[in-house]
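Here the structure comes first, spelled out in structure tokens, and everything after it is commentary.
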Amino acid sequence: MSRLLDIRRIFMIGCSVIVGISSIQFTDVIMTLPMWAYSIASSPFALSSLCAVVLNYVFSIGTSSRASIRIQPELALIPEVLRFFDDKGAAWGARRHMIHRVQSCVNELMEALMLVSVVEGEIEIRATFNDFGLDVIVSYEGKSFMLEVKNPLPEELMSDENAIAKLSAVLVRQYADRVETDFRDGRHRISLYFEQ
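Position in the sequence shown counted from 1, then plus 1309, gives you my numbering.
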């Protein structure tokens, strides 16, 4: 499957299939329905689709399209951020390949921020999902992290002390469809956008 599924979505799919299949067993009851209801109930596919749409709507109640997490700048806490995107991606029904790109990008960015010691205090990661993509904003207090770099040459990687940061910046730009940086309210912000 191309989308991540949480327990609600699995339940929705299972119930829809069961409702569609069970309509075959109740043909006598379906024959007594009014004509407008008969046309829907007599087709297992139509009944399954209707059930899926209704359950999808019901289960989307209370599911926010925004989420955030705060962590201390420690490498050992990066898996917590990756689990955050797994859990939220499943709740949102996001595409699996997009969540993997987000995880790879954020992992690379977090490692770089921590290894070059630009962060002072907590790192906040905010994610906003819609049907077209996912916006991720990583904000922190401290020094700015330069993402505006060109691909380093192999010789530069051996001699430059900032080579890891430059290589990470290149990888972050390759994973994300759009990358922007700014400074607001005393915090550096790195905005990443990923298309579905």
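Virtual Cβ for every residue (Gly too), placed ideally from N, Cα, C. Note that this is a predicted model, so its numbers are computed, not measured.
When the beta-carbon positions are compared, R1496 and E1450 come within less than 8 angstroms of each other. If you draw a straight line from the Cα of M1419 to the Cα of G1329, it is about 47 angstroms long. If the five residues before and after G1398 are omitted, its C-beta is found closer than 6 angstroms to the C-beta atoms of L1313, I1408, all from its own chain and listed in chain order. Between the segment 1342-1354 and the segment 1373-1384, the count of Cβ pairs shorter than 8 angstroms is below three; the stretches do not touch. The Cβ atoms of D1440 and S1500 lie no closer than 8 angstroms to each other. Taking C-beta atoms under 8 angstroms as the contact rule, S1477 and A1403 fail to qualify, at a distance of about 24 angstroms. V1425 is not a Cβ neighbour of I1434, given a cutoff of 8 angstroms.
Pairing A1485 with C1414 gives a Cβ-Cβ distance under 8 angstroms.
The alpha carbon of V1479 has as its nearest neighbour, out of M1455, S1351, F1438, M1321, the alpha carbon of M1455. Relative to S1357, the option among Q1334, S1325, L1342, V1428 whose CA is nearest is S1325.
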